[in-house]
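Structure first, then comments.
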Amino acid sequence: GEIGSITIATNMAGRGTDIILGGKFNIKNNILNNQENRKLWKKKHDIISNIGGLHIIGSERHESRRIDNQLIGRSGRQGDPGSTRFYLSLEDTIIQMFTLYNISKIIYKFGFKSNEVIENNFITKLIKNAQKKIARDRDI
-4 GEIGSITIAT NMAGRGTDII LGGKFNIKNN ILNNQENRKL WKKKHDIISN
46 IGGLHIIGSE RHESRRIDNQ LIGRSGRQGD PGSTRFYLSL EDTIIQMFTL
96 YNISKIIYKF GFKSNEVIEN NFITKLIKNA QKKIARDRDI
């Protein structure tokens, strides 16, 4: 939660851990200068809030949408600002195994080049549908 900090988590998305903007304010360690330390913490918290808060980067979609939602939930905790963005490859397992379409045909149809960034609602729907299919298959 500090400016310039990077935290790396596994696919469990840091469950049970809140990353507090400005760092954790520990009252026990700050008894002597409590007011001054609280003001300093509040200042750091406000600076981080004003520049957008905690930004989460996901490097792959999980088979379970629930796990993705847990990762998304790491940002914007307790009313603080935050954002999440996933960066995927069309070669990721979930896309290759569970999409009904030939990805290269989709890329060609929309006129994308092989290394071009793709932001497309159709591709997003393919991923969500793959996650739903996996969830249904596991319920059987």
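Per the numbering used here: the sequence shown = residues -4 to 135. Built from N, CA and C at the ideal position, the CB exists for glycine as well.
### Message
Among the candidates K127, I1 and R131, whose CA atom is the shortest distance from the CA of D63?
### Response
K127
### Query
Quick one: any contact between the stretch 67 to 79 and the stretch 43 to 54, if contact means 3 or more CB pairs under 8 Å?
Touching, per the Cβ criterion.
### Message
Please classify A125 as buried or exposed, where buried requires at least 16 other C-beta atoms within 10 Å of its C-beta.
### Response
buried
### Query
To the nearest angstrom, how far is it from the Cα of K39 to the Cα of F107?
42 Å
### Task
Jot down the residue ranges of each uninterrupted beta strand (DSSP E) in the stretch 25 to 55, minimum 3 residues, whole runs only, in chain order.
Fully enclosed beta strand (DSSP E) runs of no fewer than 3 residues occupy 49 to 53 of the stretch 25 to 55, in order along the chain.
### Message
Just to confirm my understanding: we take T79, look at its own chain, exclude 5 residues before and 5 after, and list those with CB closer than 6 Å. What are they?
### Response
For T79, where only same-chain residues beyond five positions count, the Cβ hits under 6 Å are I51, I67 and S70.
#### Entry: Residue ranges of each alpha helix (DSSP H) within the stretch 62 to 110, 4 or longer
88 to 93 and 98 to 105
### Message
Just to confirm, is the Cβ distance from G18 to E(-3) under 7 Å?
### Response
yes
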